[in-house]
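So the structure is just underneath, and the comments pick up after that.
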């Protein structure tokens, strides 16, 4: 399709949809929200009233001929079921990160989208913020010499006890919620060919991972350290260390739309701070999705091939972290069980993530 705005149906009335993605879809000139769906009729009505659209249920949304694409903000364990349903109904799909709860489900979504000739995008909004392109350009341009190490962290304070991100049956846990951010950053800067060499996961009394760390290595031997969690003072930053300097970025993953990032460049004899333009990464993400739909792209082909491959790789890396991890159970300080298989945040930034 070309010219007309992409008509979007939202399947799932989540907090991230309410606070960030629906406002971005409404603000983007290339998208139009035509319906929202929930299992809870009252919630669907509340969302519909706020965003000036229709309320329906899941089946009703997928049956609507005026829905070109579906935005899916359900928990990760539900992505395959409802993502396949949307694609089978002929709808392009923008799914919240991560693409799925496990590698097999992620690959299945890509396969179905490819067979249907539809666009499948993961709403990993931080990738669309220009601050990361600036870091990558400086790295490739040799500003800090050859890359020698990458360290990235994303941690947030504890969530309310009833938050669904504590439910392991829905793909909950810190690894799939915040841990995938630094993993995907490593892919963005160093390539998808990464190998997990070690990890640790902290569990709460429910057996849900609430924090952890992992060590990876790139194809060229660059070590990567990632840290993440649900029980931390807020932290969202990374550091790329090179042979002649370092690049440091704070507020890296969920900057508010008005935030002007400060990129610090440190070299042997001096340091510089570059204030970068503010950007609404949610709006940029939905605009990129709409552009792919309007251009007639399809999953697994042309420019979409790299997007789909990277999304699957992120899920594979998360699974590899879990498989490699030493697990520390709740209340068992120092008890290591092999797994089988910055300070306060800007309130607007924390709201952006939640």
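In UniProt numbering, the protein residues as written are 1 to 354.
Heads up, the beta-carbon is just placed ideally off N, CA and C, and yes, glycines get one too.
Just so you know, these numbers come straight off a predicted model, no measurement behind them.
| query | Can we say the region 289-297 touches the region 29-45, given the rule of at least three CB pairs closer than 8 Å? | reply | Touching, per the Cβ criterion.
Report task. Count the other CB atoms, across all protein chains shown, that sit within 10 Å of the CB of residue 273; report buried if there are 16 or more and exposed otherwise. Result -> On the chain shown, residue 273 is found 273 positions in, with the first residue counted as 1. Under this definition residue 273 is an exposed residue.
Notebook entry, point to check: Are the Cβ atoms of residue 92 and residue 108 separated by less than 7 Å?
Noted result: As a position in the chain shown, residue 92 is number 92, starting the count at 1. As a position in the chain shown, residue 108 is number 108, starting the count at 1. No. Outside cutoff.
- Query: Are the region 170-184 and the region 141-158 in contact at 8 Å, needing three or more beta carbon pairs?
  - Reply: In short, these stretches touch, since the Cβ pair count reaches three.
* Does the Cβ of residue 165 have 16 or more other Cβ atoms within 10 Å, making it buried, or fewer, making it exposed? -> Taking the first residue of the chain shown as position 1, residue 165 is located at position 165. Residue 165 should be labelled buried.
* Could you check if residue 8 is buried or exposed, using at least 16 other CB atoms within 10 Å of its CB as the buried criterion? => For the purposes of this step, residue 8 is identified with residue 8 of the chain shown, where counting begins at 1. Result: buried.
| task | Compare the Cα-Cα distances from residue 52 to each of 10, 321 and 96 and report the closest residue. | result | Against the chain shown, residue 52 aligns to sequence position 52. Ranking the options by Cα distance to residue 52, first place goes to 10.
With a CB to CB cut of under 6 Å and the five nearest residues on each side skipped, what residues in its chain are close to residue 4? Sequence index remark: in the chain shown, residue 4 carries index 4 (1-based). Correct list: empty, nothing qualifies.
- Message: If distances are taken between C-alpha atoms only, which option among 230, 239, 201 and 262 comes closest to residue 329?
- Response: In the chain shown, residue 329 corresponds to position 329, counting from 1. For the options 230, 239, 201 and 262, the alpha carbon positioned closest to that of residue 329 is the one of 201.
- First through last residue of the beta strand (DSSP E) which encompasses residue 147: Mapped onto the chain shown, residue 147 falls at position 147. Taken as a continuous stretch (DSSP letters only), the beta strand (DSSP E) holding residue 147 covers 147-155.
CA nearest to the CA of residue 217, picked from 187, 203, 139 and 98:
Within the chain shown, the letter at position 217 stands for residue 217. Of the listed residues, the one whose Cα sits closest to residue 217 is 187.
Distance, residue 77 Cα to residue 199 Cα: What you label residue 199 is simply residue 199 of the chain shown in a count that begins at 1. What you label residue 77 is simply residue 77 of the chain shown in a count that begins at 1. Going by C-alpha positions, residue 199 is about 23 Å away from residue 77.
For residue 187, does the three-state DSSP call read helix, strand or coil?
The sequence position of residue 187 within the chain shown is 187, counting from 1. Here DSSP, grouped into helix, strand and coil, assigns residue 187 to helix.
Could you tell me whether the Cβ atoms of residue 233 and residue 259 are closer together than 7 Å? Against the chain shown, residue 233 aligns to sequence position 233. Against the chain shown, residue 259 aligns to sequence position 259. With respect to residue 259, residue 233 sits apart: the two C-beta atoms are not nearer than 7 Å.
Verify whether the separation of the beta carbon atoms of residue 27 and residue 294 is less than 7 Å. In the chain shown, residue 27 corresponds to position 27, counting from 1. In the chain shown, residue 294 corresponds to position 294, counting from 1. Cβ distance not < 7 Å, so residue 27 and residue 294 don't count as in contact.
Enumerated in chain order, which unbroken segments of the beta strand (DSSP E) with a length of 3 residues or greater are wholly contained in the region 42-74? Entirely contained in the region 42-74, the beta strand (DSSP E) runs reaching 3 residues are, in chain order, 54-56 and 69-72.
* Asked: Just how far apart, CA to CA, sit residue 252 and residue 276?
  -> Locating residue 252 in the chain shown gives position 252, counting from the first residue. Locating residue 276 in the chain shown gives position 276, counting from the first residue. Taking the straight line joining both Cα atoms gives about 12 Å.
Taking the straight line between their C-alpha atoms, what separation do you get for residue 265 and residue 248? Stepping through the chain shown from its first residue, residue 265 is reached at position 265. Stepping through the chain shown from its first residue, residue 248 is reached at position 248. Here the alpha carbon of residue 265 sits roughly 7 Å from the alpha carbon of residue 248.
query = Roughly how many angstroms separate the alpha carbons of residue 305 and residue 192, rounded to a whole number?
reply = Position 305 of the chain shown, counting from 1, holds the residue named residue 305. Position 192 of the chain shown, counting from 1, holds the residue named residue 192. In a straight line, the C-alpha of residue 305 is about 13 Å away from that of residue 192.
*From 89, 123 and 139, residue whose alpha carbon lies closest to that of residue 310*: Residue mapping note: residue 310 aligns to position 310 of the chain shown, counting from 1. Check the Cα spacing between residue 310 and each of 89, 123 and 139: the tightest is with 123.
Exercise. What residue does the beta strand (DSSP E) around residue 88 start on, and which one ends it?
Worked result: To locate residue 88, count along the chain shown from 1; it is residue 88. Careful: residue 88 lies outside any beta strand (DSSP E), inside the alpha helix (DSSP H) at 79-88.
**Q.** Residues of its chain near residue 315, where Cβ-Cβ distance is below 7 Å and the 5 sequence neighbours each way are ignored
**A.** Here residue 315 refers to the residue found at position 315 of the chain shown. The answer, listed in chain order, is 98, 99, 100, 102, 103 and 106.
Which of helix, strand or coil does DSSP assign to residue 347?
Position 347 of the chain shown, counting from 1, holds the residue named residue 347. With a pLDDT of 49 at residue 347, under the threshold of 50, the predicted position of this residue should be treated as unreliable, though the coordinate-derived value follows. If DSSP states are grouped into helix, strand and coil, residue 347 belongs with the helices.
C-alpha gap between residue 205 and residue 173, whole angstroms:
As a working note, residue 205 is residue 205 in the chain shown. As a working note, residue 173 is residue 173 in the chain shown. If I take the Cα positions, the gap works out to 12 Å.
Margin query: Going by DSSP, what residue range makes up the beta strand (DSSP E) through residue 23?
Written below: By one-based count along the chain shown, residue 23 stands at place 23. Element bounds for residue 23: not the beta strand (DSSP E) but the alpha helix (DSSP H), 22-27.
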